[in-house]
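Below is one structure; the comments refer to it alone.
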Amino acid sequence: MLQTIGSQNRAIETRVEDERLNVIVCELSGVQRSILAKTLKNAGFNVFAAASAGEALALIRSGVGEILMTGLELPDSSGFELCWAVKADPDTAHVHTMVLSTHSDIGRLTNALDAGADDFLRKPLVEAEFHARMRAASRIVRLQQRLANEARRDALTGVANRRSFDSSLSRAMTEASQRGTPLSVCILDLDKFKLVNDTHGHTAGDAVLVEIARRARDFITNEEAFGRLGGEEFAFLLPGRTQDTARQRMDDFRQRVAATAVDIGTGTPLPVTASFGVATLYGDSDIEDAASLLNRADTALYEAKDRGRNRVCGG
322 MLQTIGSQNR AIETRVEDER LNVIVCELSG VQRSILAKTL KNAGFNVFAA
372 ASAGEALALI RSGVGEILMT GLELPDSSGF ELCWAVKADP DTAHVHTMVL
422 STHSDIGRLT NALDAGADDF LRKPLVEAEF HARMRAASRI VRLQQRLANE
472 ARRDALTGVA NRRSFDSSLS RAMTEASQRG TPLSVCILDL DKFKLVNDTH
522 GHTAGDAVLV EIARRARDFI TNEEAFGRLG GEEFAFLLPG RTQDTARQRM
572 DDFRQRVAAT AVDIGTGTPL PVTASFGVAT LYGDSDIEDA ASLLNRADTA
622 LYEAKDRGRN RVCGG
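If you count the sequence shown from 1, you need to add 321 to reach this note's numbering.
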């Protein structure tokens, strides 16, 4: 299947990160799957084999695979239909799709590209062309990953931005509703932050925001999420937390914030405190959507401010 030009297998050179990209190889022939898998592994990729379109889609929908390499003839579908299914789903449309075929007519190429394929490779594969196309695919995937990450992150602090946090919250609410488990959210606001900017300058204010975000990233578990809503407001997403356990969790972080002053580059660390508003979705709660849950947390935050700041309220 692979016509060798030169004696060395060249590794993909376009790594943006140390992680290997994952390639799903979907081929009817087990022999061809094995040959492709070996070639891709030698080129520096992780490989997942699929014998049908259904297997390939299951892998992709589970979060495996940045590149799909598929033949046209499959037992349960066609390569065209597989590419279309991948590109038609917003959750999988980012996957780079490559169609393999022994056919060389322009009609097949056009059909593949119209179906959602990002590239078309003719069999038998020529090694030099194969590696060049994989390098190009890697560049595209890495660029898409970088842009997607930047679109989800707050530019200053590096934590999730408002849009990303809202998306995580909506998904978490759906899961909590389906499972019948509690979900809490907390909005925190840094106390008297305007005074920090007015007294020490915006560079000092930025240093405080960055440090609080760093402490939050170190504090949260893998199940939790943290993001910046805007200005000096941040938010925690706390799956599985009831009113009482969420308030206790946030009080632990409140103490962590207040316990250590922030280095703002002046030689004198700046004491910082924050106020927290918690809202919980559970049982017969009348909260209907993400906006309502955040509004409830925001109301609790105002209560914390009114009661003297540096405290956790709500639930």
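Glycine included, C-beta positions come from ideal geometry on N, C-alpha and C.
Would you identify the three-state DSSP class for residue i, choosing helix, strand or coil?
i: R617; result: helix
i: G629; result: coil
i: G598; result: strand
i: F369; result: strand
i: S463; result: According to the sequence provided, residue 463 is Arg. The question's Ser does not apply to it. R463 falls in the helix class under three-state DSSP.
i: L591; result: strand
i: A332; result: Low local confidence applies: a pLDDT of 33 at A332 is under 50, so the model's placement there is unreliable, with the coordinate-based value given in what follows. A332: coil per DSSP, three-state reduction.
i: A358; result: helix
i: A580; result: helix
i: E394; result: strand
i: N343; result: strand
i: I381; result: helix
i: A612; result: helix
i: Q569; result: helix
i: A457; result: helix
i: A481; result: strand
i: G604; result: coil
i: L389; result: strand
i: G635; result: strand
Measure the Cβ-Cβ separation of residue i and residue j and say whether it is below 8 angstroms.
i: L361; j: P503; result: no
i: A611; j: D512; result: no
i: L342; j: G392; result: no
i: V529; j: T478; result: no
i: I345; j: G386; result: yes
i: V480; j: F547; result: yes
i: V420; j: V407; result: no
i: C634; j: A556; result: no
i: F369; j: L378; result: no
i: S596; j: K626; result: yes
i: K444; j: T423; result: yes
i: D584; j: P590; result: yes
i: L558; j: A476; result: no
i: A449; j: S505; result: no
Closest by CA to residue i, which one among the options?
i: R484; options: L550, V385, S596, E609; result: L550
i: G588; options: T594, R460, H521; result: H521
i: R500; options: F557, E402, G604; result: G604
i: V352; options: N363, E340, L516, A372; result: A372
i: A374; options: I388, L591, H417, P396; result: P396
i: E394; options: A414, S383, A433, A364; result: A433
i: F366; options: R456, A537, T413, L558; result: R456
i: Q569; options: K444, A600, Q466; result: A600
i: T594; options: W405, T566, A409, R632; result: R632
i: L490; options: A618, I585, P411, A414; result: A618
i: C347; options: R628, M571, F401; result: F401
i: G586; options: T418, T413, T524, A414; result: T524
i: A414; options: A567, R382, D584; result: R382
i: G526; options: A537, F514, R535; result: F514
i: R454; options: L558, E609, I388, I533; result: I388
i: A364; options: G552, F451, R628; result: F451
i: L614; options: A358, R628, G598; result: G598
i: E554; options: D572, D573, A534, L516; result: A534
i: R630; options: T495, D510, R474, D573; result: D510
i: S498; options: W405, E609, R474, T431; result: E609
i: R354; options: E340, G384, M390; result: M390
i: D410; options: V462, G384, D573; result: G384
With 8 angstroms set as the bound, which would you pick, yes or no: does the beta-carbon of residue i sit closer than that to a beta-carbon of chain C?
i: R568; result: Although the question refers to chain C, the structure presented lacks it and comprises just one protein chain.
Return yes when at least one heavy atom of the ligand ZN lies under 7 angstroms from the C-beta of residue i, else no.
i: L602; result: No copy of the ligand ZN occurs in the structure displayed, which carries no ligand at all.
Quiz item: What residue ranges within the region 396–455 form continuous beta strand (DSSP E) runs of no fewer than 3 residues, ordered along the chain?
Solution: 417–422, 440–443
Exercise. Report the residue ranges of all beta strand (DSSP E) runs contained in full by the region 492–563; include only those spanning at least 3 residues, in chain order.
Key: 504–511, 546–551, 554–560
Exercise. Check whether the region 579–594 touches the region 557–566, counting contact only when three or more Cβ pairs, one atom from each stretch, lie closer than 8 angstroms.
Key: no
Exercise. Inspect the CB distances between the region 618–626 and the region 533–542 and report whether three or more fall short of 8 angstroms.
Key: no
Quiz item: Using 8 angstroms as the Cβ pair cut-off and three pairs as the minimum, do the region 463–472 and the region 433–451 touch?
Solution: no
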